[in-house]
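The next block holds one structure in the form of structure tokens; read it before the comments.
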């Protein structure tokens, strides 16, 4: 978010609103219920699903390594797309252990294709341990996308590279190791949330308890709302960058994140799903909505309308995004504007309503 915009939200403006309705027993009860259900009913199940689907992906990549055929490639591609869904949903829920473990960087970094090709041309044994120790831009889901998809040349070209007598064996070994490392990341973050293991689910559910991660409920709500705003910013950038908003309006197709798999629009839809779950709760009657609506039903209705408009705008983009950028640019710009609208509502009205302290994030200055 633009730092100058944040400075407009002065402490003198936020403090009275933070105190209004936040110290009463009803407000405390609502926040307690919100934090508990978010942890137990939304975040933990999402990381469990990410783990489960990463297991399926690793198994499919093992099969591709052993027998590279059209069928095993298709299975690996399907499994890759499937694991993108829970990962995209958790973008708005990326707090606690995922931050501590730097899961985002390890799992979803923009790949260095030249670095990957240099690695494949080298002689380092592509074991799970060696791949795990690579820089973030040579592992994770986007490195796998580079290895498994080619939206221009097609699957035949991908399969030819995997079966090439020269680099083919190394490519397959690399793909297999990438799957195992990704699964390891999924297990690590899920384990930290599990009640019988790291039990971070209780840390969030009981925020405000002495000795816990969050000394007050406000600290937990602050982190959640900041993360939600950040996730909207990230999604907005995934459209503004390829649209060329930073280059005078010249379309930059190379800035589209999932262009090789044509999964960009699905990724955005999954991210919106995470925003909806955070705001509305799993049954549509809870979430952060219940806390805000207790003092400002009009604001809750505004956010709900922003979310609905955003989903409609993204669903209106004719797939794939790489062609819509030039052939249906207006639909892409409308979706980017919808993200901007939601971001503005969250960063001004919702922040003021909840008395949230805004923090700088990795997207500031982008």
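Residue numbers (mature numbering (1 follows the signal peptide of the UniProt record, and there is no 0)): -21 to -1, 1 to 345. A virtual CB, placed ideally from N, CA and C, is assigned to each residue, including glycine. Fair warning: this is a prediction, and the values are worked out from it, not measured in the lab.
Reduced DSSP secondary structure (H/G/I, E/B, other) of residue i
i: residue 1; result: At residue 1, the pLDDT of 42 sits below 50, so the modelled position is not reliable and the matter cannot be decided from this model.
i: residue 193; result: coil
i: residue 256; result: helix
i: residue 94; result: helix
i: residue 38; result: helix
i: residue 291; result: helix
i: residue 47; result: coil
i: residue -21; result: In this predicted model, residue -21 has a pLDDT of only 41, less than 50, meaning its place in the structure is not dependable; the value taken from the coordinates is given anyway. DSSP places residue -21 in coil when its eight states are reduced to three.
i: residue 237; result: coil
i: residue -5; result: Unreliable positioning characterises residue -5 in this predicted model, as indicated by a pLDDT of 39, which lies under 50. The coordinate reading is nonetheless provided below. DSSP places residue -5 in helix when its eight states are reduced to three.
i: residue 6; result: helix
i: residue -14; result: Note that residue -14 has pLDDT 36, beneath the 50 cutoff, so the model's placement of it is unreliable and the number below is only indicative. In the structure shown, residue -14 sits in coil (DSSP, three-state: anything other than H, G, I, E or B).
i: residue 224; result: coil
i: residue 275; result: coil
i: residue 230; result: coil
i: residue 19; result: helix
i: residue 31; result: helix
i: residue 309; result: helix
i: residue 281; result: helix
i: residue 143; result: coil
i: residue 327; result: helix
i: residue 262; result: coil
i: residue 242; result: coil
i: residue 175; result: coil
i: residue 352; result: No statement about residue 352 is possible, as the shown extent of the chain runs from -21 to 345 and does not include it.
i: residue 296; result: coil
i: residue 188; result: coil
Residue j beta carbon less than 8 Å from that of residue i
i: residue 118; j: residue 85; result: yes
i: residue 32; j: residue 62; result: yes
i: residue 110; j: residue 43; result: no
i: residue 47; j: residue 138; result: yes
i: residue 174; j: residue 166; result: no
i: residue 278; j: residue 266; result: no
i: residue 219; j: residue 124; result: no
i: residue 184; j: residue 198; result: no
i: residue 207; j: residue 23; result: no
i: residue 147; j: residue 140; result: yes
i: residue 75; j: residue 246; result: no
i: residue 301; j: residue 238; result: yes
i: residue 87; j: residue 261; result: no
i: residue 323; j: residue 311; result: no
i: residue 212; j: residue 315; result: no
i: residue 196; j: residue 7; result: yes
i: residue 377; j: residue 17; result: There is no way to answer for residue 377, as the model of the chain reaches only from -21 to 345.
i: residue 25; j: residue 69; result: yes
i: residue 244; j: residue 293; result: yes
N-terminal and C-terminal residue of the alpha helix (DSSP H) that residue i is part of
i: residue 148; result: 147 to 172
i: residue 266; result: 266 to 272
i: residue 339; result: That residue, residue 339, is in no alpha helix (DSSP H); it is neither H nor E in DSSP.
i: residue 306; result: 300 to 306
i: residue 331; result: 330 to 333
i: residue 179; result: 179 to 184
Candidates the options: closest to residue i by CA position
i: residue 97; options: 80, 34, 149; result: 149
i: residue 34; options: 58, 46, 232; result: 58
i: residue 169; options: 73, 282, 213, 329; result: 73
i: residue 242; options: 106, 121, 135, 255; result: 121
i: residue 71; options: 209, 196, 248; result: 209
i: residue 145; options: 177, 77, 232, 99; result: 99
i: residue 37; options: 268, 159, 321; result: 159
i: residue 15; options: 188, 275, 232, 147; result: 188
i: residue 77; options: 269, 203, 54; result: 203
i: residue 276; options: 105, 299, 328, 322; result: 328
i: residue 80; options: 92, 214, 163, 50; result: 163
i: residue 254; options: 318, 195, 244; result: 318
i: residue 284; options: 196, 321, 101; result: 321
i: residue 131; options: 259, 232, 172; result: 232
i: residue 107; options: 41, 330, 192; result: 41
i: residue 116; options: 93, 52, 135; result: 93
i: residue 333; options: 268, 193, 313; result: 268
i: residue 89; options: 229, 217, 297; result: 217
i: residue 313; options: 290, 282, 191; result: 290
i: residue 53; options: 143, 45, 288, 39; result: 39
i: residue 64; options: 249, 95, 338; result: 249
i: residue 286; options: 227, 251, 306; result: 251
i: residue 135; options: 205, 51, 244; result: 51
Practice task
For the segment 55 to 90, list the alpha helix (DSSP H) runs that are entirely contained and at least 4 residues long, ordered along the chain.
Solution key: 76 to 79, 82 to 86
Practice task
Could you pull out every unbroken alpha helix (DSSP H) segment of at least 4 residues lying fully inside the segment 99 to 139, listed in chain order?
Solution key: 107 to 111, 120 to 127
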